[in-house]
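Notes to accompany the following structure.
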Amino acid sequence: MATAKKSPAAPAKKAATKAAPAKKAAAPAKAAATPAAKKAAPAARKPNAAFMKEMTPSADLSSVVGASPLPRTEVTKKVWDYIKKHNLQDAANRRMINADDKLKAVFGGKAQVSMFEMTKLISDHLK
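Here numbering that gives the first Met the number 0 is used: position 53 in the sequence shown is 52, and no number is missing along the way.
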């Protein structure tokens with residue numbers, strides 16, 4: 000019976016020793032990839048034209064961000080500034096936005112939306 004217990008343990012040791020060299024082989028490959036990533040980083044990134052295109056906000060959204068045409072990135076920043084200025088993030092769950100009267104019109108009448116849903120609802124108000 001003692002030999003029966005040793006035989007399952009022996010393959011387990013072999014499996015462990017086989018796994019260790021595989022990890023060592025993967026580590027140098029990962030290290031080799033990082034210098035290539037560092038070389039690509041200094042090149043200046045060109046902004047995506049779709050994000051930088053100026054869009055006109057609807058009447059409801061213009062009460063929050065202003066009526067002048069803005070890129071989507073700036074609209075999102077201004078909405079977040081408005082939310083922080085008026086303390087509209089839910090205290091218990093910071094991912095949720097509590098809408099005041101101006102934002103309720105933008106959010107389609109919803110009293111509370113998630114920050115992820117908010118960007119979708121804002122995009123409906125940009126032309």
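Just so it is clear, CB atoms sit at the ideal spot from N, CA and C, and this is done for glycine as well.
- For Lys77 and Leu87, the gap between their C-alpha atoms comes out near 14 Å.
- In the structure shown, Leu69 falls within a strand segment according to DSSP collapsed to helix, strand and coil.
- With respect to Leu60, His124 sits close: the two C-beta atoms are nearer than 7 Å.
- Its Cα nearest to that of Ser122, the residue Arg71 stands out among Arg71, Ser62 and Ala49.
- Spatial neighbours of Met117 in its own chain (CB-CB distance under 8 Å, excluding positions within 5 residues in sequence) are listed in chain order as Val78, Ile96 and Phe106.
- Ala90 is positioned such that its CB atom lies no closer than 7 Å to that of Ala98.
- Pro56 is bridged by DSSP to Leu125.
- Considering only Asp100, Gly108 and Val112, the residue with the shortest C-alpha distance to Val63 is Asp100.
- Pro46 sits exposed, since fewer than 16 C-beta atoms from the chains shown fall within 10 Å of its C-beta.
- Nearest in C-alpha terms to Arg94, of all of Pro56, Ala104 and Lys83, is Lys83.
- Going by C-alpha positions, Tyr81 is about 14 Å away from Ala104.
- Within the model, the alpha-carbon separation for Leu120 versus Arg44 is close to 29 Å.
- For Asn97, the enclosing beta strand (DSSP E) starts and ends at Met95 to Asn97.
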